[in-house]
Amino acid sequence: MITLDAGVLIAYLRPEDGHHAAAVEWLAANVLDEFGVSVVTLAEALVHPAEAGVVDTARRSLEKLGIMPVPAVAGEEARIARVRAETRLRMPDAIVVHTAEAVGGGLATTDARVARAAQARGIEAHLVG
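Numbering (the numbering used here) for the sequence shown: 2 to 130.
Written out as structure tokens, the structure reads:
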């Protein structure tokens, strides 16, 4: 499973985003893989659609990609905190790295810093865009 960060999802949903074409191309090229996303990351990606009143449409668009929401599980807060402390990433990015570790797969991101942090933790990182 490849864990997606909010940057990839936001770029996919917003044609005006600078990473849109790269996100669409990367997702299409990897469509046979399973995609996972933390529910926190999914909520982050849906903020702009919610503001525009199109959150249900955006969610359906993401569902067509076969993205599987990965629930935040009680009891994982200490591991998430350690990822945050060890990587110095912002909490939303630390959650993405933790999710990739938890599901044992790769990670796709538009953020080089997140990609480097994931690679440093032994996670295969795909820099999109």
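Idealized CB from N, CA, C, for every residue including glycine.
| query | What are the residues that DSSP puts in a beta bridge with M69? | reply | Locating residue 69 in the sequence shown gives position 68, where the first residue counts as 1. Residue pairing by DSSP puts M69 in a beta bridge opposite G37.
Q. CB P70 to CB L43, shorter than 8 Å?
A. Numbered from 1 along the sequence shown, position 69 holds the residue referred to as residue 70. Numbered from 1 along the sequence shown, position 42 holds the residue referred to as residue 43. Inclusion of P70 and L43 in the CB contact set at 8 Å is warranted, their separation being smaller than that value.
Roughly how many whole angstroms lie between the Cα atoms of S39 and P72? In the sequence shown, residue 39 corresponds to position 38, counting from 1. In the sequence shown, residue 72 corresponds to position 71, counting from 1. Approximately 6 Å between the Cα atoms of the pair.
**OP:** State the CB to CB distance for the pair A126 and T110, rounded to an integer number of angstroms; the pair is presumed to be in contact (CB under 8 Å).
**Re:** Here the question's residue 126 lines up with position 125 in the sequence shown. Here the question's residue 110 lines up with position 109 in the sequence shown. With a beta-carbon spacing of about 7 Å, A126 and T110 fall inside the 8 Å limit used to define contacts.
Query - Other residues of its chain near L5: CB distance less than 6 Å, five sequence neighbours each side excluded - result: Working through the sequence shown from its first residue, we reach residue 5 at position 4. Within the same chain, F36, V38 and A109 come within 6 Å of L5 by CB-CB distance, once the 5 residues on both sides are set aside.
- Message: Based on DSSP bridge pairs, tell me the residues matched to L108.
- Response: The residue you call residue 108 lines up with position 107 of the sequence shown. Beta bridge pairing from DSSP links L108 with T4 and A126.
Helix, strand or coil for L43, going by three-state DSSP, please let me know.
-> Within the sequence shown, numbered from 1, the residue matching residue 43 stands at position 42. Helix.
Please confirm whether A23 and V129 have their CB atoms less than 8 Å apart.
-> The count along the sequence shown starts at 1 and reaches residue 23 at position 22. The count along the sequence shown starts at 1 and reaches residue 129 at position 128. Closer than 8 Å, so yes.
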